[in-house]
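Quick notes on the structure that follows.
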Amino acid sequence: MSSIKTWLLLLVVVLMCATSPARACFFCSCGVSELHIDGSDEGSDEESVPSAYRTQGSGWGTTSSGYSGIGNPAILTWSIVPDGTTLPRGVSEPASDSNLIEFLDGLHHGGESPGGDDYTQRAWWGLMNSAFERWSQVAGLTFNYEPEDDGASMPTNRGVLGTRGDHRIGGHYIDGDVRPSNLAYNYFPSYSDMVIDTSEAGIFGNSEQNYLRFRNTLTHEIGHGLGLAHLESVDTTDDDDDHVFGTFLMEPTLSVNFDGPQFDDILGIQRLYGDVYEKDGGNDTASTATSLGALAFGAKLMIGTDADDQYVAYTDVDFVSIDDNSDVDFFRFTIDAPMQISLLLEPKGPTYLEGAQGSADNGRQDLLDTSALGDLSLALLAMDGSTTIELQNTFGLGLDEWIEEVTLTDPGEYFVRIGSTTNAAQMYQLSVISVPEPASLAILSAGLLGIVRWRRRRA
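Quick note on numbering: the sequence shown equals residues -24 to -1, 1 to 435 in mature numbering (1 follows the signal peptide of the UniProt record, and there is no 0).
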């Protein structure tokens, strides 16, 4: 076995209860193979949902900014505990004072300046903030930095506006620069505090890919603070059955094969908080429908175009989903002349091996088709936002729904409504298509028919 595989196989995780009533998740790593440096080469509490993601409870309920609840958006704050705040025993380390600010100042230029207690002016603050912002870009989450933190004990004090954040970050010695080791741990909602190992200067001070090791560690731990638990996804080599990790962010080992949340991570977080369009009142009614814009003759409007692959680039943000059978999404589009249109609704998602923590070792991984988690419905609505022009809910899990060649005689604004009969999160892609001239109409119809036949064969 190569030394690279040996190092990767040593990466292990410890998931256990802390001494406080809150539960903590520990993120462990023994380093990252240089071969993969550029990316080139506990189970769910929701037994009724498919195992496409692993959640710990239902995420945040009441935050310092208001009520959330599963499938609903959440506004959360985060803060940095002052150095000198006592951090309790979390895994095997003794209780001691946080020294995170001093640690990060030592890793980055600037030392104690600029800004004094205004940490937003520190060189490292932007890295920390970007981890929270990335979750906000792919789900119904809004994170606001809380500049105040009163140094109250962790993790038993909840967030209070103007006093401390919902998510609080501190750091002290955990287990040193040993391999394998615990890089950090984080508590689940509603005490979502994070403790970072400040003895890991080699990991967190590595500047490659804009401090990717530090950012992925933070983003992983924030995922726990939002309610995501560990999962494992097995990659097997051609010559043996030894497994390596590095497919999804919420696996229990640090990886630099990607930057930030990957497909399964995003699907899980949208189950808990909905997609980005649930923010600011959501799009659950015609009056709050998401605008797709103006449909030009012979053109197409699309949304949900990034949900095909399990690998997610840092710039990918176009993910839409129905988070359960009570969710509904409304979209609107305009036409400026009579037009014949077609709608195509495609459930989206890759297929991959997945299991709870420990499943990679015990062989209990399942091949999961994330395009077949929800049975979606599609409706075209008139300009009043309530009258149904056509409704389609003909096919089942993993199959497209479409509305073909409807003539809209009046210019104006029309609506599309999407729902589901399944209590699970399902990513999708919606296309609103202006049907071409009659000479091209047969080509479009044949294309749509081909999609339907292919979906039927696959099912």
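Glycine included, every Cβ here is placed at the ideal spot set by N, Cα and C.
Keep in mind that this is a model prediction, so the values were computed, not measured.
Contact belief for residue i with residue j at Cβ below 8 Å, rounded distance in angstroms
i      : j      : result
Pro237 : Val114 : 6 Å
Leu243 : Asn192 : Their Cβ separation, rounded to whole angstroms, is 18 Å, which puts Leu243 and Asn192 out of contact at 8 Å.
Thr174 : Asn75  : 6 Å
Ser410 : Lys276 : 7 Å
Met104 : Leu230 : Not quite, the Cβ-Cβ distance comes to about 17 Å (not below 8 Å), so this is no contact.
Ala50  : Gly116 : 7 Å
Gly146 : Ser40  : That pair is no contact at about 18 Å.
His143 : Asp73  : Not really, about 20 Å apart at Cβ, beyond 8 Å.
Thr327 : Asp345 : 5 Å
Leu268 : Arg308 : 7 Å
Straight-line gap, residue i to residue j (C-alpha atoms, nearest Å)
i           : j      : result
Arg393      : Leu357 : 7 Å
Gly325      : Glu124 : 41 Å
Ile317      : Ala332 : 44 Å
Glu109      : Thr383 : 42 Å
Trp36       : Leu329 : 28 Å
Val408      : Thr310 : 11 Å
Gly45       : Thr385 : 42 Å
Leu52       : Ser168 : 11 Å
Asn399      : Gly350 : 7 Å
Ser347      : Ser396 : 13 Å
Leu320      : Met278 : 10 Å
Arg247      : Asp299 : 5 Å
residue 490 : Ser55  : In the structure displayed, the chain extends from -24 to 435; residue 490 sits before or after that span and is not available.
Asp251      : Phe295 : 7 Å
Thr264      : Leu352 : 20 Å
His12       : Asp241 : The predicted model places His12 with a pLDDT of 20, which falls under 50 and marks its position as unreliable, so this point remains unresolved.
Val119      : Ser112 : The sequence given here places Phe at residue 119; Val does not occur at that position. Rounded to whole angstroms, Phe119 to Ser112 spans 7 Å at the Cα level.
Trp101      : Asp81  : 10 Å
Ser34       : Phe273 : 44 Å
His85       : Asp153 : 22 Å
Met359      : Asn301 : 25 Å
Leu271      : Gly388 : 11 Å
Option nearest residue i by Cα separation, candidates the options
i      : options                           : result
Tyr390 : Ser297, Gln405, Leu194 and Glu366 : Glu366
Thr31  : Leu384, Ile245, Ile311 and Met278 : Ile245
Leu63  : Thr291, Ala160, Ser231 and Trp100 : Ala160
Asn133 : Ser157, Met170 and Glu254         : Met170
Ser106 : Asp235, Leu320, Ser362 and Asp360 : Asp235
Gly201 : Pro165, Phe180 and Ser209         : Pro165
Pro70  : Asp151, Leu271 and His85          : Asp151
Ala283 : Tyr404, Glu78, Gly147 and His143  : Tyr404
Thr61  : Leu83, Ser347, Asp126 and Val304  : Asp126
Ser362 : Gly374, Thr261, Gln341 and Leu375 : Thr261
Pro323 : Leu343, Leu354, Asp342 and Arg340 : Leu354
Glu184 : Arg155, Val232 and Val293         : Val232
Cross-strand partners of residue i (DSSP beta bridge)
i      : result
Ser106 : Ser106 is not bridged to any residue.
Asp342 : Glu330
Met403 : Ser297 and Lys324
Arg393 : Phe306 and Ala355
Ser55  : Arg144
Asp292 : For Asp292, which the question treats as bridged, DSSP gives no partner whatsoever.
Ile317 : Val382 and Ser410
Gly388 : Ile311
Gly42  : Thr39
Met170 : Ile145 and Asn162
Asp241 : BP columns for Asp241 are empty, so no partner.
heavy atom of the ligand NAD below 7 Å from residue i C-beta
i      : result
Asn133 : Annotation note on the ligand NAD: not contained in the displayed structure, which lists no ligands.
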